[in-house]
Amino acid sequence: MIKIFNLNDVISIKDFQKKDIEFILNEAENLEKIAKSQEFSDELAGKILGMMFFEPSTRTRLSFETSMKKLGGNCVGFAGSSASSVSKGESLADTSKMFEAYSDALIIRHSLEGAAKFISDIVDVPVINAGDGAGQHPTQTLLDLYTIKRQFDKIKGLNVALVGDLKYGRTVHSLAYALGMFDAQMNFVSPDELKMPKETLHDLKKNNVKFHETNNLKNVIDEIDVLYVTRIQKERFPDEEEYSKIKGAYLINHDLVKGKDLIVMHPLPRVDEISTDVDNTKYNKYFEQAFYGVPVRMAILKNIIKNKF
Amino acid sequence: MIKIFNLNDVISIKDFQKKDIEFILNEAENLEKIAKSQEFSDELAGKILGMMFFEPSTRTRLSFETSMKKLGGNCVGFAGSSASSVSKGESLADTSKMFEAYSDALIIRHSLEGAAKFISDIVDVPVINAGDGAGQHPTQTLLDLYTIKRQFDKIKGLNVALVGDLKYGRTVHSLAYALGMFDAQMNFVSPDELKMPKETLHDLKKNNVKFHETNNLKNVIDEIDVLYVTRIQKERFPDEEEYSKIKGAYLINHDLVKGKDLIVMHPLPRVDEISTDVDNTKYNKYFEQAFYGVPVRMAILKNIIKNKF
Amino acid sequence: MIKIFNLNDVISIKDFQKKDIEFILNEAENLEKIAKSQEFSDELAGKILGMMFFEPSTRTRLSFETSMKKLGGNCVGFAGSSASSVSKGESLADTSKMFEAYSDALIIRHSLEGAAKFISDIVDVPVINAGDGAGQHPTQTLLDLYTIKRQFDKIKGLNVALVGDLKYGRTVHSLAYALGMFDAQMNFVSPDELKMPKETLHDLKKNNVKFHETNNLKNVIDEIDVLYVTRIQKERFPDEEEYSKIKGAYLINHDLVKGKDLIVMHPLPRVDEISTDVDNTKYNKYFEQAFYGVPVRMAILKNIIKNKF
């Protein structure tokens, strides 16, 4: 196990080496008791996390805020609707320089792919990408990996099905890449219209990652360890009809998973892609997954801010 | 005096036994110096209060935030306008499970009666009801009682007039119930259209609480100790004309209270039901009442979170 | 050097004696290491700053929040869009009394000149004016002075050009007044339509302050130490055409300042009055100026809250 975290910014999961990910997953496990308020820390007392949410994001925003505050730090920033009033015509570069003046680390969500990278090049404080359009959302990937590792105590050799919208779903692209690094096998289960992009498949092949594509979940349900479901997002569709046709086609319910040896995960929010009859079963790991966002983000914040000082 | 607070959630004043209320009022008095920054506490350091304000509420929100922060804790959440973006079609149950993952206690305001109870049934962290539609707002009732007790050093035997909108006013229903528990006498003073609901009167009778109804404040002004005024809320009226007719009819001014031996209370915000010529007199207790929200909510937060750990 | 700060409120730079300003600038220098997270303080632990932003203000709001939190304190309040829901028809006086109940100090931004003074007359906690319409914004002036003093180690005898909109620019009126107290010389550089108001000039003359007016920056560029640029705010103009004509006429770029012995300042946000080709030069002090808002506001908060207890 390495002793230090080398990254200055968290922009893309592709910037992580396998040992960087292992370090963060290990740190997260150490921080779980603090995340659950069973232990106390003020390691980041006096430190400020600047939050630039140009797009609304409740889950990611709240879990970063919680993570910072559980370590004794605090947050300043803006979110969503107030973003426009922030700028008064100001450039993204100038807004970022302002936040740099007030913060010990920055977290940014923006609709434009590349926004976080752009900012990390012009400010001296650490920058964390909390989602840049169709681009990356690396801390989501880390908490997904952490959830799997906490359940199985390993990732290598597991069989993971990624189900639903694999075309527009930012989450699954990064996760497939990362699972490949850890020698998991993957099944990509989606309607033909929403298959994993060729580019992502190409990357995986280049890295000798084993995967299989299908449009029928039943073909693979008996052999998988993890059923990772994604929301089919209405707003990604140009056409209401296309959305209606597909919606519900990949519904996960208790009947489907009953008697199987697998867990169900979901980045949330869910609409109706997982039936609530799964909620009170052992298959449900999606609420725990949401909680794991806290220790994982604590691990990131603690180490990236510590590196700066 | 009992030594512990037994409730796991604060949903309705009806869940409180008299000894629970006495415990909180006593605790609030102990915490007043911290509320005034004359003493310091970090008893809730590292603890996070999740704030789910589906309806805007500045006073309640700010006083809960202040209470949590004065005890060394911190808050995460959303309020009002951003609430819709929270859900993206997510169910109230799922949103609550998310907040549970991030928080050591939850506070919720919602337009639907029963929302807080519903949430308390599905999450493991303590839930505090900060107003559920026409339902309950128990911490308002507790701070109202505290204000009276701080003034008279007792509640038993006092004569309290509840004035204004007794039909739609959530505050007065709970307060009448609680005053009954403490053997106060009550006068319900309202226009005929806005009388206390039959159901509330029935409850009071069942508990042998003494009350009297009138539409003329002058009939009772000489015999009361507390004049509790409520805002006649325009938004509760289906009809602008009905509102205009009644508005101002129950105006409290200095002439009315001059020479009387009583205090004036109001849950705030006031519009024009109390004339500002009362503000700088000894009768005015409504601003102090607002402050008392802090020690009372500190007492709730401290004990309900302590019970969890 | 005096040892104490005498002001109870920070409403106008005109309330400051020279020694009060010197005290704050000196304190700010002591607090810089904390502002940069090189040292730690929890001097304001348990203290709450109430933030009443009736108008949106990201820069001022964030730097006050950062300042409070870097000293271990915390903040409650509202900003901009949610302001209307705060009041529900409540008077400014009542809203202020509510905030007084929750806070150890208040900061207010309001569109009406005199709003901060009005509030400071009715509440007992310290009040800080964060901009009242066309009126004052004293902490901006203090951080402007601090930026100059940090650069030149003095203010006396410097030659400062205030450039751009000198008519509507709240910032420059207060700054001119304060620079006069410190015996700086001033050049007021503006189009004829946007000259410094007669009233301000009259004040300066009365105090024997040396100043010079011109509409051509080139006349003075060789002799100045500080080039203080202000945004020409579209929203201040009754007429789009007038705005278009002037916009860009006073553009500062690298060609203009190259080889000169001066620094460029700007209260930010900038739109296009300073070309980005100045950003990576030694002339750029506007980003540092933004940072200096933190130690200066820390100095104000620390001393004004300390005075209260």
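Residue numbers (this note's numbering), protein chains in the order written: chain A, 1 to 309; chain B, 1001 to 1309; chain C, 2001 to 2309. All C-beta atoms, glycine included, are put in the ideal place defined by N, C-alpha and C.
Using CA coordinates, which residue listed in A/Asn6, A/Arg297, A/Lys33 and A/Asp239 is at the minimum distance from A/Tyr146?
-> A/Arg297
Taking only the alpha-carbon atoms, compute the straight-line gap between C/Arg2109 and C/Leu2092 and give it to the nearest angstrom.
-> 12 Å
Members of the stretch 94-111 of chain A that neighbour chain B once the beta carbon cut-off is set at 9 Å = none
For the candidate residues C/Asp2261, C/Asp2015, C/Lys2154 and C/Lys2302, whose alpha-carbon lies nearest to that of C/Lys2117?
-> C/Asp2015
Contact the stretch 2155-2170 of chain C vs the stretch 2038-2056 of chain C: 3+ CB pairs below 8 Å = no
Looking at the C-beta of C/Glu2235, does it have a partner C-beta in chain B at a distance below 8 Å?
-> no
Of all Cβ atoms in chain B, is any one closer than 8 Å to the Cβ of A/Pro269?
-> yes
Tell me which same chain residues have a C-beta within less than 7 Å of the C-beta of B/Thr1200, skipping the five on either side of it?
-> His1173 and Ala1176
Could you confirm whether any beta carbon from chain B is found closer than 8 Å to the beta carbon of A/Lys70?
-> yes
By Cβ distance, which residues of its chain are closer than 6 Å to C/Leu2262, with the 5 residues on each side in sequence left out?
-> Ile2224, Asp2225 and Leu2227
State the Cα-Cα distance for the pair B/Glu1244 and B/Met1051, rounded to the nearest angstrom.
-> Residue 1244 of chain B is actually Ser in this sequence, not Glu. One C-alpha to the other measures close to 35 Å.
Comparing alpha-carbon positions, which option in B/Val1010, B/Ile1021, B/Ile1024 and B/Ile1221 lies nearest B/Ile1107?
-> B/Val1010
Please list the partners that B/Lys1218 has in chain A, where partner means a Cβ-to-Cβ separation under 8 Å.
-> Per Cβ cutoff of 8 Å: no residues; B/Lys1218 is ~49 Å from chain A at best.
Closer than 8 Å, CB to CB, is C/Glu2065 near chain A or not?
-> yes
Neighbourhood of C/Thr2066 by C-beta distance below 7 Å, restricted to the same chain and skipping five residues each side | Val2294
Report the rounded CA-to-CA distance for C/Ile2232 versus C/Pro2197, giving the unit in angstroms.
-> 15 Å
Can you list the residues of chain A that B/Lys1127 reaches, using a CB-CB cut of under 8 Å?
-> Correcting the residue identity first, residue 1127 of chain B is Val in this sequence and not Lys. Residues of chain A passing the Cβ test: none, with the nearest at roughly 16 Å.
Whose Cβ in chain C lies nearer than 8 Å to the Cβ of A/Lys282?
-> By Cβ distance, chain C contributes nothing, its closest Cβ being about 41 Å from A/Lys282, past 8 Å.
Quick one: which residues of the stretch 1045-1059 of chain B get their C-beta closer than 9 Å to a C-beta of chain A? List them in chain order.
-> Ala1045, Gly1046, Lys1047, Ile1048 and Gly1050
Any C-beta of chain B under 8 Å from that of C/Gly2080 | no
Nearest residue (CA-CA) to B/Lys1285, options B/Ile1300, B/Pro1267 and B/Asp1272 | B/Pro1267
When you compare only the Cα positions, how much space is there between B/Phe1309 and B/Lys1156?
-> 35 Å
Count the other C-beta atoms from every protein chain shown that fall within 10 angstroms of the C-beta of B/His1137, then say buried if there are 16 or more, exposed otherwise.
-> buried
Answer with yes or no whether the minimum CB distance from B/Phe1327 to chain C is below 8 Å.
-> There is no way to answer for residue 1327 of chain B, as the model of chain B reaches only from 1001 to 1309.
Given A/Asp203, which residues of its chain have a CB within under 7 Å of its CB, disregarding the five upstream and five downstream residues?
-> Tyr177
Are C/Val2189 and C/Leu2217 touching if we call contact CB-CB under 8 Å?
-> yes
Compare the Cα-Cα distances from C/Val2123 to each of C/Asn2129, C/Gly2133, C/Phe2099 and C/Val2209 and report the closest residue.
-> C/Phe2099
By DSSP, does C/Asn2026 sit in helix, in strand, or in coil?
-> helix
Using three-state DSSP, classify A/Leu71 as helix, strand or coil.
-> coil
A/Arg270 versus C/Ala2079 - alpha carbon distance | 31 Å
Counting only beta-carbon atoms, is C/Leu2062 nearer than 8 Å to chain A?
-> yes
Within the 8 Å Cβ cut-off, does A/Glu43 reach chain C?
-> no
Once you ignore the five residues that flank C/Thr2171 on each side, which residues in its own chain have a CB closer than 8 Å to its CB?
-> His2137, Gln2140, Thr2141, Asp2144, Thr2230 and Pro2267
Taking buried to mean at least 16 other C-beta atoms within 10 Å of its own C-beta, is A/Thr214 buried or exposed?
-> exposed
Which residues share a DSSP beta bridge with C/Ile2108?
-> C/Met2052 and C/Asn2129
B/Ser1244 touches chain C at which residues, Cβ-Cβ below 9 Å?
-> Those within 9 Å of B/Ser1244 in chain C number zero; the least Cβ separation is about 14 Å.
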